[in-house]
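Protein chains in written order, with the working numbering: chain A, 270 to 589; chain B, 4 to 247.
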């Protein structure tokens, strides 16, 4: 039944990129394999944020908190318990979604900026716990040397694992984006008052969206541990959330695939400009200013517009 | 079908609605008239739950709905349009109406079926009936004013309501557009068996179309009756028609 939305036009380019990525590891240096894996992880967390920010119009300012909760959950389960690895992998997203439900339930009672402010406060609380509870979380030091099953412990193994999990997540996210739930969420973004008047329980809908988005953020958190083998409190810090937010804006927050591009740009900048100057954020700042003036719809939004596909991609129309 | 009893609403010291009463019978076309600031929109907002009344009841099909949130009132069978075009500007015209039909069908939370395959026939027939079929693929925000007003009504029809409430459906329209819109509304009422409650300040429109008219002035209901009754009432003339 989803044949129609997965046509050549909509997923063709991404499928080509996916196949190219599958064949890359044997021919590129290990460092690039690692950077690409980091991009996959970051792309997933940015995509999950965009479900609520770009499609839902919610000011989810502290999305990194749920990413961090996913990562800490799996790190703690693998180091403090003797449970099998897969239990930790499953628990990460579930715990992240539960925390998302708890924080979201308070936040959806507020609107716009107040929503964002409350979320920053509650998210920072989680950061404070991770930072202060030294005996459990290792405080400032974080948790290091988390061992992974041998199949995904090498950098190539981690690369393939994150790539495949990302691909599966993107397919599911795309289905949600194109579903009645996704359509209704976009309608709420455009006009919540009108949605109430056509019989939609706006708050509940937003809360479900937050739970789904934080679940995916939790998956990204698990992947982070797979790639890095460690966790630290910066994962939960609001600065990281801001970076993820910027990735959505940079790529194009009203599009589906924009945040992937945003994440790739940010990670590349940090890595390759960061080699030359520690003030890479200055360059990021200049790029952002230019973006606001020249590409307000984001990079991917601009590309779609250029090729005249924006109307179809962003705001799915009739059946024809 | 709908009874509004002794409604009051004030904003700080301003008494927007100060004793409003209204009865709507099934199948009727009922108008609320009154000069600007008479409290018509506030009254409508209280009926459909956007505002909570300070006092008073709204009885719909023998049930008090005055304490329900808007989405539940909608599910009881009351849909409405807004005075200022209140649409989903980034979505297509088709999607604007489809979202409403999906809500009516209880499919808004369906996560794993493509939206483009659902509620298609219903949406197309509504767009057809308001004359927007040829613009189905356009982005709603780019429509001309008159078309946005039509879309506004189409979104409300998506809920397949028993009672359709229209807040100044012809606001900002030329006389020709106004006539065409009122004709459309009448036609919709007949073909879909709708009961319609609307407000207007254009007298001619109201006396030509409404079967029952409620007159408001300074938040207070002066009277409700048939057009002739209202036209001949000395009280109405005194505080409204005379001044116009």
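For every residue, glycine included, the Cβ atom is placed at its ideal position computed from N, Cα and C.
Tell me whether residue i is buried or exposed, calling it buried when 16 or more other Cβ atoms sit within 10 Å of its Cβ.
{"i": "residue 551 of chain A", "result": "exposed"}
{"i": "residue 36 of chain B", "result": "buried"}
{"i": "residue 48 of chain B", "result": "buried"}
{"i": "residue 154 of chain B", "result": "buried"}
{"i": "residue 569 of chain A", "result": "buried"}
{"i": "residue 396 of chain A", "result": "buried"}
{"i": "residue 186 of chain B", "result": "exposed"}
{"i": "residue 466 of chain A", "result": "buried"}
{"i": "residue 485 of chain A", "result": "buried"}
{"i": "residue 566 of chain A", "result": "buried"}
{"i": "residue 399 of chain A", "result": "buried"}
{"i": "residue 175 of chain B", "result": "exposed"}
{"i": "residue 548 of chain A", "result": "exposed"}
{"i": "residue 227 of chain B", "result": "buried"}
{"i": "residue 356 of chain A", "result": "exposed"}
{"i": "residue 162 of chain B", "result": "buried"}
Which residue's Cα is closest to the Cα of residue i: the options?
{"i": "residue 414 of chain A", "options": "A/573, A/347 and A/399", "result": "A/347"}
{"i": "residue 151 of chain B", "options": "B/198, B/64, B/85 and B/5", "result": "B/85"}
{"i": "residue 144 of chain B", "options": "B/89, B/161 and B/25", "result": "B/89"}
{"i": "residue 502 of chain A", "options": "A/334, A/317 and A/312", "result": "A/334"}
{"i": "residue 30 of chain B", "options": "B/159, B/166, B/12 and B/82", "result": "B/166"}
{"i": "residue 436 of chain A", "options": "A/407, A/449, A/520 and A/526", "result": "A/526"}
{"i": "residue 212 of chain A", "options": "A/523, A/360 and A/576", "result": "Residue coverage of chain A in this structure runs from 270 to 589, which leaves residue 212 of chain A outside it and unanswerable."}
{"i": "residue 328 of chain A", "options": "A/303, A/476 and A/440", "result": "A/476"}
May I have the straight-line CA-CA distance separating residue i from residue j, to the nearest angstrom?
{"i": "residue 137 of chain B", "j": "residue 516 of chain A", "result": "37 Å"}
{"i": "residue 38 of chain B", "j": "residue 210 of chain B", "result": "15 Å"}
{"i": "residue 434 of chain A", "j": "residue 28 of chain B", "result": "59 Å"}
{"i": "residue 17 of chain B", "j": "residue 529 of chain A", "result": "52 Å"}
{"i": "residue 373 of chain A", "j": "residue 128 of chain B", "result": "38 Å"}
{"i": "residue 534 of chain A", "j": "residue 542 of chain A", "result": "11 Å"}
{"i": "residue 116 of chain B", "j": "residue 283 of chain A", "result": "21 Å"}
{"i": "residue 142 of chain B", "j": "residue 107 of chain B", "result": "22 Å"}
{"i": "residue 77 of chain B", "j": "residue 377 of chain A", "result": "21 Å"}
{"i": "residue 61 of chain B", "j": "residue 319 of chain A", "result": "41 Å"}
{"i": "residue 24 of chain B", "j": "residue 387 of chain A", "result": "42 Å"}
{"i": "residue 499 of chain A", "j": "residue 342 of chain A", "result": "12 Å"}
{"i": "residue 168 of chain B", "j": "residue 531 of chain A", "result": "45 Å"}
{"i": "residue 428 of chain A", "j": "residue 280 of chain A", "result": "21 Å"}
{"i": "residue 322 of chain A", "j": "residue 405 of chain A", "result": "33 Å"}
{"i": "residue 202 of chain B", "j": "residue 130 of chain B", "result": "23 Å"}
{"i": "residue 482 of chain A", "j": "residue 559 of chain A", "result": "29 Å"}
{"i": "residue 232 of chain B", "j": "residue 8 of chain B", "result": "21 Å"}
{"i": "residue 340 of chain A", "j": "residue 393 of chain A", "result": "16 Å"}
{"i": "residue 114 of chain B", "j": "residue 453 of chain A", "result": "11 Å"}
{"i": "residue 555 of chain A", "j": "residue 536 of chain A", "result": "16 Å"}
{"i": "residue 444 of chain A", "j": "residue 513 of chain A", "result": "22 Å"}
{"i": "residue 574 of chain A", "j": "residue 126 of chain B", "result": "27 Å"}
{"i": "residue 158 of chain B", "j": "residue 102 of chain B", "result": "8 Å"}
{"i": "residue 295 of chain A", "j": "residue 424 of chain A", "result": "11 Å"}
{"i": "residue 409 of chain A", "j": "residue 305 of chain A", "result": "27 Å"}
{"i": "residue 412 of chain A", "j": "residue 506 of chain A", "result": "16 Å"}
Cβ closer than 7 Å: which chain B residues qualify as neighbours of residue i?
{"i": "residue 469 of chain A", "result": "74, 106 and 111"}
For residue i, return the contacting residues in chain B, with the cut-off set at a CB-CB distance below 9 Å.
{"i": "residue 455 of chain A", "result": "91, 93, 94, 98 and 102"}
{"i": "residue 474 of chain A", "result": "111 and 112"}
By the criterion of Cβ-Cβ separation under 7 Å, what are the contact partners of residue i in chain A?
{"i": "residue 220 of chain B", "result": "What residue 220 of chain B touches in chain A: nothing, since even the nearest Cβ is about 27 Å away."}
{"i": "residue 77 of chain B", "result": "466, 467 and 468"}
Taking Cβ-Cβ distances shorter than 8 Å, what residues in chain B pair up with residue i?
{"i": "residue 363 of chain A", "result": "Correct list: empty, because the minimum Cβ distance to chain B is about 17 Å."}
{"i": "residue 447 of chain A", "result": "117, 118 and 119"}
{"i": "residue 460 of chain A", "result": "89, 90, 91 and 92"}
{"i": "residue 477 of chain A", "result": "112"}
{"i": "residue 463 of chain A", "result": "85, 89, 90, 91 and 158"}
{"i": "residue 450 of chain A", "result": "111, 112, 113 and 114"}
Against residue i, what residues of chain A qualify as contacts under a CB-to-CB distance less than 8 Å, listed in chain order?
{"i": "residue 162 of chain B", "result": "467 and 468"}
{"i": "residue 26 of chain B", "result": "Under the 8 Å cutoff, chain A gives no residues; its nearest Cβ is about 23 Å from residue 26 of chain B."}
{"i": "residue 51 of chain B", "result": "466"}
Any Cβ of chain E within less than 7 Å of the Cβ of residue i?
{"i": "residue 444 of chain A", "result": "In the displayed structure, chain E is absent; the protein chains listed are A and B."}
ask   = For the 8 Å Cβ check, are there 3 or more pairs between the region 139-151 of chain B and the region 493-501 of chain A?
value = no
request  = Inspect the CB distances between the region 65-83 of chain B and the region 120-127 of chain B and report whether three or more fall short of 8 Å.
outcome  = no
query = Hey, is the region 372-391 of chain A in contact with the region 301-320 of chain A, meaning 3+ C-beta pairs nearer than 8 Å?
reply = No, they do not touch.
request  = Specify whether the region 92-102 of chain B and the region 448-465 of chain A touch according to this definition: at least 3 beta carbon pairs, one from each stretch, less than 8 Å apart.
outcome  = yes
request  = Mind the definition here: the region 553-567 of chain A touches the region 185-199 of chain B only if three or more C-beta pairs lie below 8 Å; say whether that holds.
outcome  = no
ask   = Are the region 352-366 of chain A and the region 468-488 of chain A touching by the rule of at least three beta carbon pairs closer than 8 Å?
value = yes
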